[in-house]
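If you count the sequence shown from 1, position 45 lands on 507 in the numbering used here, and the numbers rise without skipping. To start, the structure under review is shown below, and the notes come after it.
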Amino acid sequence: MAFRFRIPRRLFQPISARVQPSTIRFTRNPNPVKTQMASISTPPPGKFEWLVVVPDKPGTTQKRLEVRAQHFEGLKPYIESQQFKTGGALLKDKPESDDPSKFDWYGSTLVLVAESKEEVKAILEKDIYTKSGVWDTENALILAAKFAFRFP
463 MAFRFRIPRR LFQPISARVQ PSTIRFTRNP NPVKTQMASI STPPPGKFEW LVVVPDKPGT
523 TQKRLEVRAQ HFEGLKPYIE SQQFKTGGAL LKDKPESDDP SKFDWYGSTL VLVAESKEEV
583 KAILEKDIYT KSGVWDTENA LILAAKFAFR FP
C-alpha cells in the first residue's frame, strides 16, 4: 500500500490569500525612505584602495597642533588628484567642543588609491606628521580594502 501525502492547495497561494483579513493586514508605506548611495568606482588597473590607521606617538599633541596647517597643505595634491578618497582624525573619545587643542587624539585614518603597501608607506613617510615625529608609522595599520558601498 502506497502512502500519499496530501498537501493543502492553500500553501501555494500568495500570503495575502492565506491570511485572514481580521488578523494581519499588509500595507504599502506611501512615503518610503529612500537612501542614495554613491556608485562604487573601481580603482584604475593595477591600483587598489587602502584603509590606513596611523596612531600618534605618545605626548605629541602639541607638535600635531603646531604642524597641522602644513599637514593640510601637504594633502592638497593627493585630494585634487583624487588619490585620497577620505581621511581625518581619530579621537579616543567624543570631543566636548570643536577646539582641536582639547581633543583626545588617537591618530589619523585615510582611504587612498595606490599600487602597493610600499607606495602607501612612502606617502606616509613624506607627510609632515611623520617628519615631525607625530605619527607612529611603524605601528600603522595598512589594509587593502574592497568597499561594498559609499554614501555621498
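Glycine included, each C-beta is placed from N, C-alpha and C at the ideal position.
Checklist entry - Rounded to a whole number of angstroms, what is the C-alpha to C-alpha distance between residue 595 and residue 586? => result 12 angstroms
Checklist entry - For residue 590, does the count of other Cβ atoms within 10 angstroms reach 16, so buried, or fall short, so exposed? => result buried
Checklist entry - Is it right to say residue 548 is buried, meaning 16 or more other beta carbons lie within 10 angstroms of its own, or is it exposed? => result exposed
Item to check | Straight-line Cα distance separating residue 573 from residue 614 | outcome: 15 angstroms
Checklist entry - Considering only residues of the same chain and omitting the five flanking positions on each side of residue 555, which have a CB-CB separation below 7 angstroms? => result 566
Item to check | Whole runs of the alpha helix (DSSP H) within the segment 508-592, excluding any shorter than 4 residues | outcome: 523-542, 579-588
Checklist entry - CB-CB under 7 angstroms to residue 522, same chain, minus the five flanking residues each way: which ones, in chain order? => result 595, 596
Checklist entry - Are the CB atoms of residue 529 and residue 602 nearer to each other than 8 angstroms? => result no
Checklist entry - Do you know offhand how far residue 539's Cα is from residue 510's? => result 19 angstroms
Checklist entry - How would you label residue 570, buried or exposed, when you count the other beta carbons within 10 angstroms and need 16 or more for buried? => result buried
Next on the checklist: Going by beta-carbon coordinates alone, are residue 545 and residue 582 separated by less than 8 angstroms?
Outcome noted: no
Item to check | Pick from 525, 553, 562, 605 that is closest to residue 514, judged by C-alpha positions | outcome: 605
Item to check | Alpha-carbon to alpha-carbon, residue 518 and residue 599 | outcome: 8 angstroms
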